[in-house]
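**Q** Before anything else, here's the structure in question.
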Amino acid sequence: MEALHSATRAALDAATHGIRGANPLVGAAVLWDDGTFTTGYHAGAGTPHAEPDALRNASPRSTAGATLVVTLEPCSHTGRTGPCTHTIIDAGITRAVIASRDPNPPASGGAQVLTEAGVEVIFLNDLGQSWAHELATRAHNLNARWFTAVTHDRPFITAKTAQSLDGCVAARDRTSQWITGSESRAHAHLTRARVDAIAVGTGTALADNPRLTARTGGFPQQPIPVIFGSTPLPDGSHLARNPRTLTYTEVGAGLRDLRRRGVSHLLVEGSPTLLAHFLQHDLVDELHVYTAPLLLGDGVRSPLSVDTLAHALKFVPDAPPEALGSDTFTRFMKEV
Ligand code: AOF
Ligand code: ZN
Numbered sequence: 001m002e003a004l005h006s007a008t009r010a011a012l013d014a015a016t017h018g019i020r021g022a023n024p025l026v027g028a029a030v031l032w033d034d035g036t037f038t039t040g041y042h043a044g045a046g047t048p049h050a051e052p053d054a055l056r057n058a059s060p061r062s063t064a065g066a067t068l069v070v071t072l073e074p075c076s077h078t079g080r081t082g083p084c085t086h087t088i089i090d091a092g093i094t095r096a097v098i099a100s101r102d103p104n105p106p107a108s109g110g111a112q113v114l115t116e117a118g119v120e121v122i123f124l125n126d127l128g129q130s131w132a133h134e135l136a137t138r139a140h141n142l143n144a145r146w147f148t149a150v151t152h153d154r155p156f157i158t159a160k161t162a163q164s165l166d167g168c169v170a171a172r173d174r175t176s177q178w179i180t181g182s183e184s185r186a187h188a189h190l191t192r193a194r195v196d197a198i199a200v201g202t203g204t205a206l207a208d209n210p211r212l213t214a215r216t217g218g219f220p221q222q223p224i225p226v227i228f229g230s231t232p233l234p235d236g237s238h239l240a241r242n243p244r245t246l247t248y249t250e251v252g253a254g255l256r257d258l259r260r261r262g263v264s265h266l267l268v269e270g271s272p273t274l275l276a277h278f279l280q281h282d283l284v285d286e287l288h289v290y291t292a293p294l295l296l297g298d299g300v301r302s303p304l305s306v307d308t309l310a311h312a313l314k315f316v317p318d319a320p321p322e323a324l325g326s327d328t329f330t331r332f333m334k335e336v
């Protein structure tokens with residue numbers, strides 16, 4: 001039991017090395033009878049899942065008869081990668097210990113597939129041990145917002161904001177392009193390259209005439225541009241000319257439609273009004289904040305309305321702040 005405890009903790013720690021987004025953070029460990037184990041993790045959408053990563057890291061040692069610990073129920077579907085259930089069965093694993101269920105309809109059901117193939121499946125919570133319950137809770141909390149997005153039939157939502165030290169998103173005359181420096185902008189383009197779609201409000205679409213493309217090179221798959229709002233765009237604007245642009249007048253219906261179209265990670269880039277709407281409706285799972293070392297005094301701030309401190313929307317840093325040139329970048333998660 002001691003070895004299982006250590007391997008589960010190690011799998012959970014490994015999970016945190018991944019990148020949040022379309023897919024949850026997942027870690028795994030191959031545990032042998034002698035109590036030794038090796039770990040693996042899922043680095044982000046499009047990369048191998050945690051189970052094949054841990055099984056590959058176990059090589060050249062045989063995994064036949066070993067236990068596989070995984071922080072999320074193994075998938076049983078072919079998505080960007082093949083079904084983990086097959087990989088686990090092929091590797092000769094005889095026992096799978098799972099920390100949390102996968103609520104994602106196409107991927108779920110892996111525990112049953114494993115059981116039917118003769119693999120002993122144990123859910124951590126069923127062990128009746130306090131350490132197991134504690135780690136199962138940690139596994140759930142790690143992806144709490146991803147679970148919420150999936151069960152609400154909407155994409156996982158990352159919102160981006162670039163602001164001055166005093167929290168302004170634009171100067172008083174509404175100029176806002178290039179608050180942050182070139183390193184921040186390059187970083188933001190990497191995020192654009194990872195998402196399935198990027199949304200702006202009509203205000204930003206009219207004011208900035210953005211393309212909403214990822215300009216990082218080497219990313220052939222461009223995100224789908226999305227506009228929320230009802231003001232028509234000029235015919236010649238980049239977004240109006242892009243045949244992939246989707247326009248929605250209502251956020252909830254738009255998010256459901258995006259999910260139906262296969263969008264599992266949406267980046268919301270502006271305007272401040274659209275961002276405030278998403279925040280107010282608890283639709284921001286992850287917040288990317290770029291802070292530039294300048295003051296804009298009585299400039300433009302978020303129109304988000306909070307009447308008293310107790311009603312503040314609370315976020316927790318998901319990683320230590322990073323220096324990007326003279327700017328600071330911090331990734332936050334909505335508090336569970
Ligand atoms: C696992 N192990 O490490 C992860 C899983 O598009 P794909 O192929 O990457 O599949 C994504 C779905 O698979 C994701 O939405 C979630 O349901 C599950 N994630 N499953 O067995 C993993 N990341
Ligand atoms: Zn999988």
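So for the sequence shown, our numbering puts the first residue at 1; every next one is plus one.
Heads up, the beta-carbon is just placed ideally off N, CA and C, and yes, glycines get one too.
Rounded to whole angstroms, how far is the Cβ of GLY79 from the Cβ of ALA107, which I believe are closer than 8 Å?
**A** Right, their Cβ atoms sit about 7 Å apart.
**Q** Provide the residue span of the alpha helix (DSSP H) that contains PRO52, from first to last.
**A** Taken as a continuous stretch (DSSP letters only), the alpha helix (DSSP H) holding PRO52 covers 50-58.
**Q** Name, in chain order, the residues that DSSP records as bridge partners for GLU322.
**A** GLU322 pairs with PHE329.
**Q** What three-state label does DSSP hand ILE89 in the structure shown?
**A** If DSSP states are grouped into helix, strand and coil, ILE89 belongs with the helices.
**Q** Could you give the uninterrupted runs of the alpha helix (DSSP H) lying entirely in the region 261-292, keeping only those of 4 residues or more?
**A** If we require 4 residues or more, the alpha helix (DSSP H) runs fully inside the region 261-292 come out as 272-280.
**Q** Pull the bridge partners of GLU120 from the DSSP assignment, please.
**A** BP columns for GLU120 point to ARG95.
**Q** Evaluate contact between the region 199-216 and the region 237-248, counting only Cβ atoms and requiring at least three cross-stretch pairs below 8 Å.
**A** The region 199-216 vs the region 237-248: in contact.
**Q** Suppose contacts are defined by Cβ-Cβ distances below 9 Å. Is THR265 in contact with THR158 by that definition?
**A** Just to set this straight, residue 265 is His in the shown sequence, not Thr. Yes; because the gap between Cβ atoms is below 9 Å, this pair is in contact.
**Q** Can you tell which of THR216, ALA197, GLY270 has the C-alpha that lies nearest to the C-alpha of ILE224?
**A** Taking only the C-alpha atoms, the option nearest ILE224 is ALA197.
**Q** From the DSSP output, read off the bridge partner residues of SER164.
**A** According to DSSP, which records beta bridges pairwise, SER164 is partnered with ALA292.
**Q** Among CYS75, ILE179, VAL336, which residue has its Cα nearest to the Cα of GLY325?
**A** Nearest C-alpha to GLY325: ILE179.
**Q** Measure the alpha-carbon distance for ALA128 versus MET1 and round it to whole angstroms.
**A** In the sequence under discussion, the amino acid at residue 128 is Gly, which differs from the Ala named in the question. Distance between the alpha carbons of GLY128 and MET1 is about 12 Å.
**Q** Identify whether LEU12 lies in helix, strand or coil by the three-state DSSP scheme.
**A** If DSSP states are grouped into helix, strand and coil, LEU12 belongs with the helices.
**Q** Among the residues of its own chain, which have a CB less than 8 Å from the CB of LEU142, if the five just before and after it don't count?
**A** If we look at LEU142 and ignore the five residues flanking it on each side, its Cβ neighbours are LEU12, ALA15, THR16, PRO24, LEU25, THR71.
**Q** For the alpha helix (DSSP H) holding THR191, just list the boundary residues, first then last.
**A** Start and end: 182-194.
**Q** Please state if the CB of GLY299 and the CB of SER164 are separated by a distance shorter than 9 Å.
**A** For SER164 and GLY299, yes; Cβs fall inside 9 Å.
**Q** When you compare only the Cα positions, how much space is there between LEU233 and PRO210?
**A** LEU233 and PRO210: Cα-Cα distance of roughly 11 Å.
**Q** Under DSSP, the alpha helix (DSSP H) around LEU206 begins and ends at which residues?
**A** Residues 202-208.
**Q** Within the structure, which residues are defined as neighbours of the ligand AOF by a Cβ-heavy atom distance below 5 Å, reported in chain order?
**A** Residues flagged by the Cβ proximity filter: ASN23, VAL26, HIS42, HIS49, ALA50, PRO74, CYS75, GLY79, ARG80, THR81, CYS84, ASP102, ASN104, ALA107.
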